[in-house]
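Line by line, the protein sequences are chains Y, S and F. First residue of the first sequence? That's 815 in the numbering used here, and the numbers climb one at a time after it. First residue of the second sequence? That's 82 in the numbering used here, and the numbers climb one at a time after it. First residue of the third sequence? That's 9 in the numbering used here, and the numbers climb one at a time after it. Below is one structure, written out as structure tokens; the observations come after it.
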Amino acid sequence: MMYDADAGGAPVIRVRDLGKVIGAKAILSNISVDVEPGSIVGLLGKNGAGKTSLLDVLLGFSPPSSGSCRVFGEDSFHLPAAAKRRIGFVPQQDELLDSLTGAQQLALNAALHTAWDEPLIARLVREWEVPLDRRIQVLSGGERQKIATLLAIGHQPDLLVLDEPASSLDPVARRQFLRELLDIAESPTRTVLFSTHIVSDLERVAGQVWIVRDGRLVWAGELDTLKESVARVTLVAHADLPSHLGLEGLVSQRTDGRCVQLVLTGWHDERQRELADRWGAEVTVERLSLEEIFLELHS
Amino acid sequence: MDRDVPPPPRIFTLEPASGVPIYRQLIEQVRRLVASGHLAPGAELPSVREVAAEYTVNPTTISKAYGLLELEGLVQRHRGKPMTIAPLRRSQHSLAQRLRQIEPQVESLVLAARQLDVRAVDLTHLIERKMQEQDT
Amino acid sequence: MKGVLKTGLQFYIRTRAQRWLLVVAVLSFAAELLATRRVCCSRSFAVGLLAGLAGGTATMTAVYSAWNFRLISALRTVSLIPHSRLQLAGGMLFAQLIAAAAGAVVVMLVGPDAPLPSLAWGSPRGSFEMLFGCALSCAVLLQVITGPSRIVSVVSLTLVGAVGLRADLFMKPEILGMPKAHVLALAGIILWVTFTAWYVRAWRLAGPYAAWSRARERVAGQIRVSREAAIESFLVGQPSLRRVCRQQVLTWMIYHLAMIAMMVGMKLLIVRHNFPVNYSAGTMILLYGPVVGVNVVAGCLARGSRRLWLRSGEARSALYTIAARLAWQSLALIGVPLFGLAALEIRFLPHADFDMLFPLAICVSLTPSALYLGLLNFRRRLNLSFLALYLLAAGSLLAGLLVESAQGRHLLWMAPPALLAIGCGLRTLARRRWYGIDWLEFRAERETLPFAVRRG
């Protein structure tokens, strides 16, 4: 399931057949997806799969080589100021100025945005214990990430894009951050798109999941649907099973004589009976966590 | 808006990292709590916001669960008040429906029995004995 | 041993840019030798230009190699390999042997025909030893110059500069009673041994950027908080443009004063010689300073552009206008004090034989090109615009030194307008580039740079 063709209600992000080529290498190919307002989208993929490149093209840092990408209805490469004001971005490598203190960095950011929420920032600085009086150069990675996050949410953006926002945070800080993210996304007009390796965070918080593999979108849809439609099925038959079972949606297969372990997509409960009848085997069905699904898709 | 007793917050056990989606876990747990009597008819459920904040999960999935439970008739929505368990109306659930609800557990029981080489006759005796124990 | 071989072979040809530079250096060196054979008078224009080209590209190759060497030496993973430092130092020696051998081969093939004593320049053995000694000394001194201590850097740079100016010392057949070739080779080896003794035992080596990005002790102080100031800070990467320009002016003034101090010292100590006749070498530094300075600042602006894309809301064209304006501001802030001081020196301390107005004109007209080359420099690597600027400056200066006829002098004064025209061309290029920047292209290099000298 890739996108609803014009389901009504303007999507925040609309991508059609996006492709990006650098040099001879196709970094992204054939990506088509929509993001509705109010959703929390998690982006999952191996290193080098194209997650950060996709975010770069979405936000207008880079022009697409083919296809189109629209944010708030505007072409992303030529985003007007009004659209950019509604976007907050936490990049993977933060763009903080090392010779300033945290407070100065926040002040500079506030000077560029008219709608700066001081009480919110003050509260988060207190809760997250962000040191504001030391130079950014001497702060640890986690503290820098916290400041970078504050810079992105201070102006109350309608679209919040985060690239590995919690990679350097300890579990307590991560939980606080997720809570804040949920708080932000509560409003139906605000959308969150974040890419992460920490799959457990995604499972908690994301409503939609995009899985990127080699520059293609292997899955773009609801997390619940993904979990329900993927199953690990073990067949134990009375006779040796052929190596090619001709099954739909086969992701991986491990055969061991009479016992076959399959991972299938497009699963629904009737298939269990079908398989049992067809091969005269005992069928056990197991559901997979997101991490296991991801591993199977990349095995 | 007066509440008799504030609902205990952690009556559910939600595992985001499970293969079962969160909303389904919630539905199953509410059903079981109702069936076991921990949640009596009229008992209040924590709001979507409270559950989402307590477990740090997406509120959309919680409200999906509550919506489906309401469709099933297990819970009732009240304007401006928290959701409550609907009064049990046995006639609402036909025998076939109730049997279908318990069928997954019966299947896993049958599978375990077959793996342990237990005959159907012995299994039925065990079930009957257990049900008699529950009644007393 | 494998490390020695590998380092030695790759010392001068590791990156593609280095290979190109080396090819140009070798070709121009050979061409210069050929031209010397044809023309009897060694002060012909062509010979001078080729010598400048060969020297310039060789210098750039050497600087590039020194940079890479420091980069690799500073890697922590390298220091974990047993005897890695020793192998690296050995590789450096080996590389100079190869380079000297290659140079001697070129000299043998293309050099003068007449028979020469075996240790003289032009003979195989003599060329080899001299090239080896010079190359090794240069390699070691460049390591010191690119080090983390600015004072040591400046002092050694002026030492090299001063000695380089006394190149006539190397024209004599004997130095200190020994044949020149032996002296040079010996000097190189002594320097190398001293260097290696320290290098192998140094606790931690700093990367080549260390001198420029050390943590300042003081906080930035008060910053203006307005939209323009915020845009400026994000673009420059520092609290304000003035701060950066001030640092540049200070650095070049220090180089200038150090050079003058060196020359005064030499004049006082070496009583027999009447060198230096005047202090125009110091003035040259002042003239070259703004060219490099504005290039560096414009490069910072280019690399800071990504920060402003979402934050400021400006379109790419508007970002270009802002960056260009700030770059010209920096040129004024750096150029006015340095060029002004140079002009004063030219007026009141003139060079006896040479009209210093010509270099002044050249450098002033070179600054727009430097500015726009800097604005085009989105990558973090050591950029080749330094080379282009250096070649242009050195070429024009050499030409100015060597041309004798009045007609030739008139032709020479076409150079400043030509440089301004190049600047205009670069402006169009920079504008076009900025109107369609694809920051994704430059991101990959940020991530693979071995030293993001940032995290505490």
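No residue lacks a Cβ here, since even glycine has one placed at the ideal position from N, Cα and C. Fair warning: this is a prediction, and the values are worked out from it, not measured in the lab.
Query	Result
Can you have a look at Ser189/S and say buried or exposed, based on whether 16 or more other CB atoms are within 10 angstroms of its CB?	exposed
By Cβ distance below 6 Å, which residues in the same chain neighbour Gly822/Y in space, the five residues on each side in sequence not counted?	Residue placement at Gly822/Y is flagged as unreliable, the pLDDT there being 44, under the threshold of 50; the coordinate-derived value follows with that caveat. Contacts found: none.
Using the Cα positions of Arg387/F and Ser876/Y, report the straight-line distance between them to the nearest angstrom.	16 Å
Since Gln970/Y sits in a beta bridge, which residues does DSSP pair it with?	None, per the DSSP bridge assignment.
By DSSP's criteria, Trp129/F is part of a beta bridge. Which residues make up the other side?	Ser131/F
Along chain Y, which residues have their Cβ under 8 Å away from the Cβ of Val233/F?	Ala921, Leu922, Ala924 and Ala925
Check Glu1115/Y in the structure and name its three-state DSSP category.	Any question about residue 1115/Y goes unanswered here, given that chain Y covers just 815 to 1113.
Less than 8 Å between CB atoms is the rule here; does Trp260/F satisfy it with respect to chain Y?	no
Could you tell me the distance, in whole angstroms, from the CA atom of Gln18/F to the CA atom of Lys188/F?	29 Å
Determine the burial state of Tyr443/F: buried for a count of at least 16 other Cβ atoms within 10 Å of its Cβ, exposed for fewer.	exposed
With distances taken between CB atoms, is the gap from Leu107/S to Thr165/S smaller than 8 Å?	no
Between which residues of its own chain and Cys146/F is the CB-CB distance below 7 Å, once the five residues before and five after are set aside?	Ala70
Nearest chain S C-beta to Lys1041/Y closer than 8 Å, yes or no?	yes
How big is the Cα-Cα spacing for Ala223/F and Ser1103/Y?	Bear in mind that the predicted position of Ala223/F carries a pLDDT of just 48, short of 50, making it unreliable; the figure below should be weighed with that in mind. Spanning the two alpha carbons is a distance of roughly 46 Å.
Just checking my contact of Asp908/Y with Gln959/Y at CB under 8 Å: how many whole Å lie between their CB atoms?	7 Å
Quick check on this structure: which residue in Ala917/Y, Leu973/Y, Gln918/Y and Ser913/Y has the alpha carbon closest to the alpha carbon of Val952/Y?	Ser913/Y
Straight-line CA distance for Glu449/F to Ile836/Y?	7 Å
Is any heavy atom in the ligand PLP found nearer than 7 Å to the beta carbon of Ala335/F?	Although the ligand PLP was asked about, the structure shown includes no ligands whatsoever.
Which class does Asn139/S belong to by DSSP, given the choice of helix, strand or coil?	coil
So, using beta-carbon positions, are Ala74/F and Leu194/F closer together than 8 Å?	no
So Asp1038/Y contacts chain S; which residues on that side make the cut at Cβ distance below 9 Å?	Pro102, Ile103, Tyr104, Arg105, Thr142 and Lys145
Could you have a look at Leu457/F and say whether DSSP puts it in helix, strand or coil?	Summary for Leu457/F: the model assigns pLDDT 37, below 50, so the residue's position carries little reliability; its value from the coordinates is reported in the next sentence. Here Leu457/F sits in coil by DSSP.
Counting only Cβ pairs nearer than 8 Å, list the residues of chain Y close to Thr137/S.	Arg989, Leu992, Arg993, Leu996, Arg1018 and Val1019
Using only alpha-carbon positions, find the residue among Lys10/F, Leu316/F, Val115/F and Leu295/F that is nearest to Gln95/F.	Lys10/F
Would Arg900/Y be called buried (16 or more neighbouring beta carbons within 10 Å of its own) or exposed?	buried
Is the beta carbon of Ile967/Y sitting closer than 8 Å to the one on Leu910/Y?	no
For Phe875/Y, would you say it is in contact with chain F, using Cβ-to-Cβ distances shorter than 8 Å as the test?	yes
Are there 16 or more other CB atoms within 10 angstroms of the CB of Val160/F, so buried, or fewer, so exposed?	exposed
Quick one: complete alpha helix (DSSP H) runs, 4+ long, within the region 942–969 of chain Y?	955–967
Here's the rule I'm using: 16 or more other beta-carbon atoms within 10 Å means buried, otherwise exposed. How should Asn385/F be labelled?	buried
For a cutoff of 8 Å on Cβ pairs, would you count Ser313/F as touching chain Y?	no
Take Ile845/Y as the anchor and find which of Lys839/Y, Leu872/Y, Ser853/Y and Val855/Y has the nearest alpha-carbon.	Leu872/Y
Chain Y partners of Ser99/S, CB-CB under 9 Å?	Glu1017, Lys1041, Arg1101 and Ser1103
Is Cys432/F buried or exposed, if buried means 16 or more other CB atoms sit within 10 Å of its CB?	exposed
Applying a beta-carbon distance threshold of less than 7 Å, which residues of chain F neighbour Lys898/Y?	Leu318 and Gly321
Any beta-carbon of chain Y closer than 8 Å to the one on Ala193/S?	no
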